[in-house]
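Q: All the letters of the sequence shown, read from the start, carry residue numbers 840 to 1161 under the numbering used here.
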Amino acid sequence: MRFASLGSGSEGNALVVGLPQDDGFLLIDCGFALKEVVRRLARLQLELSGLRAILVTHEHSDHVGGVFRLAAAAAVPVYLTYGTREGSRRLPTFDEQACRLISPDQPLEIRGLGVSPFPVPHDAREPVQYVFEDRHSRLGLLTDIGRSTPHVIGALAGLTALVLEANHDRSLLAEGNYPPSLKRRIGGDYGHLENQAAAAILEALDRTRLHTVVAAHLSRQNNRAELARLALAAVLRCAPESVPVADQDFGSAPAGWPPKRGPPTGRACRRSPGRWPPWLRRPRGRRLPSLLPQLPGWLQPRPKRPPGSSRRPCRRTPSISR
Ligand SMILES: [Zn+2]
Ligand SMILES: [Zn+2]
């Protein structure tokens, strides 16, 4: 499964998730103007004609602000909960005809991609986040959540990739110049995740298959990329600079963008080099690690590391291959 953030933060969010069989892509949220989305998609060599549907997490304008304008331009449906639809009516571009209602805890399938929404504590009417699943991988999206819950941890089990909110640093928020009421809102049970809370969620997750973690929804005023990286890297036991951050202006590098030579085979690739498909088979006499940087992000085997040994990079973010 391919994915990339087009931009992440309180000024606008959008996440591209590729559909199986190269059948276009979904967009999760859109807090950007139409022209800006088109420009950001072009960076990934994607066009509006490939968009098949938009899924919305909640009605805050950094997530829904550009959704209906985009849906009209691309003639695609908008999937959202009842509460999110009601909260979105205030938008001048709101279009009820485009809406497809989903239940906050009911999985659905969109063009062969499994989509599992799950409810989260956040100060919106009926907010959800999502897990996407195809035959090979399982991507979780978790931003805009005040506190973790057992339900959230359960929903994120068995992920291969995770886009995880690391919104603020507790001290920077406390010492910053936001009004007290806004500080309480951001740091409250229905606000946003601070770095250490994001790390605690990561720690609590089943990470046996997890290869890629992207830090997202960072506050420009109350966080620094290096602080978010440091917190997540401590759990992942990797070098902080190897944790990707989804930037407000530039989004994230595409991940899981496999070469066009053939389909990835997920678990079999990682666990049994002898059963690798022909396009990934290692040449005779070459050591396996020399090939690793060429592989898509989450197909890379996780080297066994004895406890207490030196840190290693989490992963390499593969560059787009087409
Ligand atoms: Zn947000
Ligand atoms: Zn929000």
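A virtual CB, placed ideally from N, CA and C, is assigned to each residue, including glycine.
On the CB-based measure, 16 or more other CB atoms within 10 Å of its CB, does Arg1120 come out buried or exposed?
A: For Arg1120, the pLDDT reaches just 35, beneath the cut-off of 50, and the residue's location in the model is therefore unreliable, although a value from the coordinates is still provided. Exposed, since its Cβ has fewer than 16 Cβ neighbours within 10 Å.
Q: Is it the case that the Cβ atoms of Asp983 and His1056 are separated by a distance below 8 Å?
A: Result yes, Cβ atoms of Asp983 and His1056 sit closer than 8 Å.
Q: How many whole angstroms separate the CB atoms of Val1052 and Leu1001, which I take to be in contact at a CB cut-off of 8 Å?
A: Yes, they are in contact, since the Cβ atoms of Val1052 and Leu1001 sit about 5 Å apart, within 8 Å.
Q: Would you kindly work out how many angstroms separate the C-alpha atoms of Phe864 and Gly1027, rounded to a whole number?
A: So the alpha carbons of these two residues sit roughly 34 Å apart.
Q: Using the DSSP secondary-structure output, state which residues sit across from Ala1054 in a beta bridge.
A: Answer by DSSP bridge pairing, in chain order: Leu1003 and Val1084.
Q: For the beta strand (DSSP E) containing Gly846, name the first residue and the last one.
A: Looking at the DSSP string, the run of the beta strand (DSSP E) that includes Gly846 is Phe842 to Gly846.
Q: Can you tell me where the alpha helix (DSSP H) holding Pro1019 begins and where it ends?
A: Unbroken alpha helix (DSSP H) run through Pro1019: Pro1019 to Gly1026.
Q: Using DSSP with H/G/I as helix, E/B as strand and the rest coil, what is Arg964?
A: Arg964 falls in the coil class under three-state DSSP.
Q: Assuming Ser847 contacts Gly1090 (C-beta within less than 8 Å), just tell me the rounded distance between them.
A: Contact holds; Cβ gap of about 7 Å.
Q: Determine the direct distance from the alpha carbon of Ile949 to that of Pro859, and round the result to whole angstroms.
A: Between Pro859 and Ile949, the C-alpha separation is close to 10 Å.
Q: Determine, using beta carbons only, whether Thr932 and Arg908 come nearer to each other than 8 Å.
A: Cβ distance < 8 Å, so Thr932 and Arg908 count as in contact.
Q: So Pro956 is in the alpha helix (DSSP H); what residue range does that whole segment cover?
A: Careful: Pro956 lies outside any alpha helix (DSSP H), inside the beta strand (DSSP E) at Leu952 to Pro958.
Q: Quick check on the burial criterion: 16 or more other C-beta atoms within 10 angstroms. Buried or exposed for Leu980?
A: Classification for Leu980: buried.
Q: How would the residue list near ligand 1 read, in chain order, if you kept each one whose beta-carbon is closer than 7 Å to any heavy atom?
A: Checking every Cβ against the heavy atoms of ligand 1 under 7 Å gives Ser849, Asn852, His899, Asp901, His902, Thr982, Asp983 and His1056.
Q: If I follow the unbroken alpha helix (DSSP H) through Leu1041, where does it start and stop?
A: Its alpha helix (DSSP H) spans residues Asn1034 to Ala1043.
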